[in-house]
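Okay, so the sequence shown: first residue is 6 according to my numbering, each after it adds one.
To start, the structure itself, in structure tokens.
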Amino acid sequence: MHPGFVEIDAMKAAILREFKVPLTLEEVDQPKPGAHDVLIQVEACGVCHSDLHVADGDSPQLVPITKRPLILGHEIAGRVIEKGASVNHLQVGDRVGIPWVHWTCGECEFCREGKENLCVKQQITGVTVDGGYAEFVKAPASHALKIPEGLSCVDAAPLFCAGVTVYRALHQAKIQPGQRLAVFGVGGLGHLAVQIGQGLGAIVTAIDISDEKLAHARRLGASATLNAGTVNVVKEVRRAGGVHAALVTSAAKAAYDTALPCVRPTGMLLVVGLPSESLCFPAIQMAAPLAQVNEALHQLRSGQVSGRLVLVPR
Ligand SMILES: [Zn+2]
Ligand SMILES: [Zn+2]
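Now the structure itself:
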């Protein structure tokens, strides 16, 4: 070390320099944590489908905010190895996770409503700031989440994007034990939705076009599986009364077209995948058939209806 120079350690990282060009493995400077940051030694980082969109530059929403050169990765789990002077609640040695939402202002309208995922000033891990495809990453301590003992970093990492995404959707739908849940698509999000849905006590039906993925869903606790390539999913699901919630993780428009009629009246369609095409839902399908009049009246009587239920004589 030469006098007058501050030594900065190097680290290996996968760098995005140009869209649609393979990432390059490079030696770069380790990030230096600020007063409110922690420096994390990355032990695992999930590979999310969104990373492909960031790397390919094919998302009109992400392109203008994508930092370059950039280290991708927003499903990070690792260990705190250094902390800023103002960090009190985390200690060196703690295992933490870093999600997609890297930092939020805590002051805007959405933050104050508890919807900080919509913060107008938010920073996004692996998009607006460097992420976890590297040996080390820095993050605001306020947004680093402790990983409980007994959960490995490899198992924890996907929870910080795929896991929170489906958990939040199921939480919003207020899934109760015994309710029927259909999960469309058993990929990165869907395989977690099956487990979280089952953990919440729901009766889960998994739907996919791959028998292999459906077998995986069964092993993870799905009560039933349907191969959309070979059976009439709408007919099968409706025969069982429809579902209280259909969670669609697929980006295929066809999955949404199939999912809506599977939802029983008052049920919820949870749009989690990001289809590039516009989704179109006929209003008639959002009305209750006349045969459900008593159920509709009961819901009205017991105060479960917000807005107006509409009956259609079909
Ligand atoms: Zn993601
Ligand atoms: Zn905010």
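Note that the Cβ used here is the ideal one computed from N, Cα and C, for glycine as well.
Secondary structure in the stretch 113 to 176: the beta strand (DSSP E) runs of 3 residues or longer, each lying completely within the stretch, are 141 to 145 in chain order. The stretch 70 to 84 makes contact with the stretch 130 to 144: 3 or more CB pairs, one atom from each, lie closer than 8 Å. Contact annotation, V277 with T170: C-beta distance approximately 6 Å; criterion of less than 8 Å satisfied. In the structure shown, A256 adopts coil according to DSSP, grouped into three states. Taking a cut-off of 5 Å from the heavy atoms of ligand 2, the residues with a C-beta inside it are T109, C110, C113, C116, C124.
Ranked by Cα distance from G119, the first of G111, V125, K126 is G111. Residues of the same chain with a CB within less than 8 Å of the CB of L194, apart from the 5 flanking positions on each side, are A167, T170, V171, T254, V277, G278 in chain order. It is roughly 16 Å from the alpha-carbon of A90 to the alpha-carbon of A149. Look at the stretch 48 to 87 and you find these whole runs of alpha helix (DSSP H), each 4 residues long or longer: 54 to 61. At a threshold of 7 Å, C53 counts as near ligand 1, since its beta carbon sits closer than that to one of the ligand's heavy atoms. The beta carbons of L231 and V188 sit no closer together than 8 Å.
Within the same chain, and ignoring the five residues on either side of L265 in sequence, the residues whose Cβ sits closer than 8 Å to its Cβ are A251, L274, F286, Q290.
Taken atom to atom, the span from the alpha-carbon of K240 to that of A161 is near 37 Å.
Distances from the CB of H79 to the heavy atoms of ligand 1 include at least one below 7 Å. At a Cβ-Cβ threshold of 8 Å, Q203 and G234 do not count as neighbours. Segment contact: the stretch 92 to 102 against the stretch 53 to 62, fewer than three CB-CB distances shorter than 8 Å; contact not assigned.
For V68, the closest alpha carbon among the candidates R185, G131, V199, F141 is that of G131. I201 sits in a helix when the DSSP states are folded into three classes.
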